[in-house]
Amino acid sequence: MQQRTLVIRNHLGMHARAAARLVKLANGFRSDIRLARSDARLRTVNAKSIFAVLLLAATQGTTIDIIVEGPDEAKAIESLCQLIEENFGED
Amino acid sequence: MRTPARKLPEERLEGIGVCQGVAIGTVFLVDDPRGRIVRVFLPSEQLDAEIARFREAVRIAQRQVQEATDRLRAALGGERVYILETHLLMLKDYSIGQQVENFIRENQANAEWAVRDVTNHLLDVYAQITDDYLRERGSDIVDVSHRLIKILSGTKTRDLNELAVGAIIIADDLLPSVAADLDPRRVLGFVTNVGGWASHTSIIARSLNIPAVVGVRDITSRVRSGETIIIDGTTGAVIINPSPETYRFYSEQRERQQQQQLHDIEERELPAVTRDGYEVKLRANIELMDEIDVFQRFNAAGIGLYRSEFLYSQSATGLPTEDEQYEAYKFLAEMSGKEGAVIRTFDLGGDKLHLEGFKPERNPALGLRAIRLSLSIQHIFRTQIRAILRAAEHSDEGVRLKILLPFVSNLDEIREAKQIIADAERELRAERMPHAEDVEIGVMVEVPAAVIMAEPLAREADFFSLGTNDLTQSVLAVDRGNENVNALFDPLHPAVLRAIKFVSDAAQRMRIPINVCGEMASNPAQVIILLGLGLRDLSMTPSAIPAIRRLVRSIDLNTAQNLAAHAIALTTPAEVHRYVQAHLSDLGAQFMASAHFTHFVS
């Protein structure tokens, strides 16, 4: 299992376009990928579901945990962190 | 266009015009299919077939969305494609599909009912999100479920193919998918129950340049498909089943507008120069960033007024951060061309900011607002100034941004603001943050104190901007929003004209630039007076630029000066109106014959 903590920095937060990018990327991996707000660590959501990711309501400044488990977990967490660190390619 | 059958009485409604122009067409009602769903109890042996029917509907929906995405990408260059991509992901979402299938099985329900129930449940959860922007995404869920229900219930997707040429779309609100499916060549206008200037429908309408009226309550229950309807996106009027007289009136108006638009395109590159050779700057007033392309379409000489307080209404998180503002201002600097953009610092009252402990004021128009608020809660102002200074540095062709301070009534206010700006420069220097240091600082002249003190103010300010709306209100002591007195609001009142001349003369004596950014600058008759009073720099709502360009090109400055000199010597508003009306015909006969003119003079 791999886990990382990141801050959402783009100014609209994880809104529809950003969430869509993340979900698309997550669906490309076989591992189980879950997200949680760091202020509610126990409530993880499936990163492959657009509804679930939108429901995180991760606005700018929200700290989130990414938890990945599965055969391609190293590559998956790397790609997802990169997307978030690059502000979903937005700002 | 065929003449309407006159059976039903004409009905007039009113809403908010959000994209200009008259449209006459046939009602095309896009209604909400969810209201018509019935619960069917299925025998257990039919449940597999029902689930298969649901899966097939999802497949069809995915194909429709994919096709719409491709079409949109080809047509518009992908600006709104991401909304549809979200919809596609929603349709592919395994867990939701599973929930619908479970619901069908457990409740022996029909697929339509199951989709409705799961959707409503999701919407309840979304409604609890506190962030406005993210919560709004609930409309995407509604949209996707509409699509599924339409497919399931066999309601033909009436958008696209069925849409006859000449349709005016009537809907509760314009959903993104409907907008994406629309063929702009067949749609003449939009009317919606809900919405405001910044709503989805409005933005789409302006980007397609199609007349639209929003916020017409109950419009969807008042019209039926096929009825004749007239909408006026300039005044917000909506007329159902127009009488032959009304019909004729609006067809003529529309005809003139179409002619006008052709002329506008031909004339957009023509210089705004009077017949005797004086150049007049025609700039654009901007509120929302999506208006930027509109302003380029009219070939404006930069942005004469950016109302930065609109960043508040657009910001997802309340107070816009320094970085958020920096992005916005950088965008303005890049888009406004070599003439640049004037950013008016926040013109807000304490009520808008939801400041803790801020007590409601009895008279907020004369209260703690604009520069007064900026100076009393300095961290908000400082954040804005830092963002502007950073963005101003961005251009390699020199500084393109200017700062404009609103509602100044006291010289100390501009001195204090300059001090804060100098402090911000020092901070940025210390942080080694790239920024500009020679940003010009202007003063908005809109209260009598600033008029009377124009000359000393001009020593402190780099430029003046005449806000004629507030100036007229404050000089005449008339609240334009109060219907008991709004008839007294009159920019042609001699007191207002004299105030303008006083300020204009002071600016010229002190050799600082002066521009006009109120509504006077978009009213042809009043522009003649402004030119005559010595003003050559006008900033207006972008769509007014073509008419003002034509006006400027049709007159001699000398004539305007004579007219203004006479008008200002008169003593009552009625005399000024009579005089101006009587003498307009002497000026540019070609212009006077044009479409909107009579409308503007009255």
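Chains F and Y, in that order, are what the protein sequence lines are.
If you're matching positions, the first sequence starts at 1 in our numbering and goes up one per residue.
If you're matching positions, the second sequence starts at 1001 in our numbering and goes up one per residue.
Heads up, the beta-carbon is just placed ideally off N, CA and C, and yes, glycines get one too.
- Restricting attention to Y:Ala1417, Y:Glu1067 and Y:Gln1261, the CA atom closest to the CA of Val1081 (chain Y) is found in Y:Glu1067.
- Secondary structure at Arg1063 (chain Y): helix, using DSSP grouped into helix, strand and coil.
- Within the same chain, Ala1057, Ala1061 and Val1115 come within 6 Å of Leu1148 (chain Y) by CB-CB distance, once the 5 residues on both sides are set aside.
- A check of alpha carbon separations from Leu1476 (chain Y) across Y:Ile1452, Y:Asp1412, Y:Val1447 and Y:Leu1466 identifies Y:Val1447 as the nearest.
- Straight through space, the alpha carbons of Arg21 (chain F) and Phe88 (chain F) are spaced by roughly 7 Å.
- For Asp1093 (chain Y), the closest Cβ of chain F is nearer than 9 Å.
- Here DSSP, grouped into helix, strand and coil, assigns Asp1537 (chain Y) to strand.
- Judged by DSSP secondary structure, Gln1098 (chain Y) falls within the alpha helix (DSSP H) whose first and last residues are Tyr1094 to Asn1107.
- If you draw a straight line from the Cα of Arg1509 (chain Y) to the Cα of His1583 (chain Y), it comes to about 30 Å.
- Met1090 (chain Y) has a beta carbon lying within less than 9 Å of a beta carbon in chain F.
- In chain order, Gly1304, Leu1305, Cys1517, Ser1539, Met1540 and Thr1541 place their CB closer than 7 Å to the CB of Asn1285 (chain Y), counting only its own chain and leaving out the 5 sequence neighbours on each side.
- By the beta-carbon neighbour count (other beta carbons within 10 angstroms, threshold 16), Lys1330 (chain Y) is buried.
- In this structure, DSSP gives Tyr1312 (chain Y) a helical state, which the three-state scheme calls helix.
- The stretch 1486 to 1498 of chain Y makes no contact with the stretch 1550 to 1560 of chain Y; the number of CB pairs closer than 8 Å stays below 3.
- Straight-line measurement puts the Cα of Ala1525 (chain Y) at about 55 Å from the Cα of Leu56 (chain F).
- Boundaries of the alpha helix (DSSP H) harbouring Tyr1247 (chain Y): Pro1244 to Glu1267, taken from the DSSP string.
- With respect to the C-alpha of Leu35 (chain F), the residue from F:Leu12, F:Val23, F:Glu86 and F:Ile64 having the closest C-alpha is F:Ile64.
- Within the DSSP bridge table, the entry for Arg1283 (chain Y) names Y:Ser1539 as partners.
- By the beta-carbon neighbour count (other beta carbons within 10 angstroms, threshold 16), Leu1152 (chain Y) is buried.
- Taking C-beta atoms as the reference points, Gly1233 (chain Y) and Gly1025 (chain Y) fail to come closer than 9 Å.
- Taking a beta-carbon distance threshold of 9 Å, Ile67 (chain F) does not count as an interface residue toward chain Y.
- For Met1090 (chain Y), there is no enclosing beta strand (DSSP E); the residue is part of the alpha helix (DSSP H) that begins and ends at Val1081 to Leu1091.
- Ile84 (chain F) is a Cβ neighbour of Ile8 (chain F), given a cutoff of 9 Å.
- Counting only residues of its own chain and dropping the five nearest sequence neighbours on each side, Lys1402 (chain Y) has a CB closer than 8 Å to the CB of Gly1340, Ala1341, Val1342, Ile1343, Val1439, Glu1440, Ile1441, Gly1442, Asp1462 and Phe1463.
- For Arg17 (chain F), the chain Y residues whose C-beta falls within less than 7 Å of its own C-beta are Tyr1082, listed in chain order.
- Tyr1306 (chain Y) carries a strand assignment under DSSP once its states are collapsed to helix, strand and coil.
- Not one beta carbon of chain Y lies nearer than 9 Å to the beta carbon of Lys75 (chain F).
- Under the Cβ criterion of 9 Å, Ile33 (chain F) is not counted among the residues facing chain Y.
- Residue Y:Ala1387 holds the alpha-carbon nearest to the alpha-carbon of Met1433 (chain Y) among Y:Thr1201, Y:Ala1387 and Y:Glu1269.
- Under the three-pair Cβ rule at 8 Å, the stretch 1123 to 1130 of chain Y does not count as touching the stretch 1102 to 1112 of chain Y.
- What Leu1471 (chain Y) touches in chain F, judged by beta-carbon distance under 9 Å, is nothing: the nearest beta carbon there is about 35 Å away.
- Using beta-carbon distances, Ser49 (chain F) counts as an interface residue toward chain Y, with a partner under 9 Å.
- Interface flag for Leu54 (chain F) against chain Y is set, since a Cβ pair is found closer than 9 Å.
- When beta bridges are read from the DSSP output, Gln2 (chain F) appears opposite F:Val68.
- Below 8 Å, too few C-beta pairs join the stretch 1263 to 1281 of chain Y and the stretch 1479 to 1488 of chain Y to call them touching: fewer than three.
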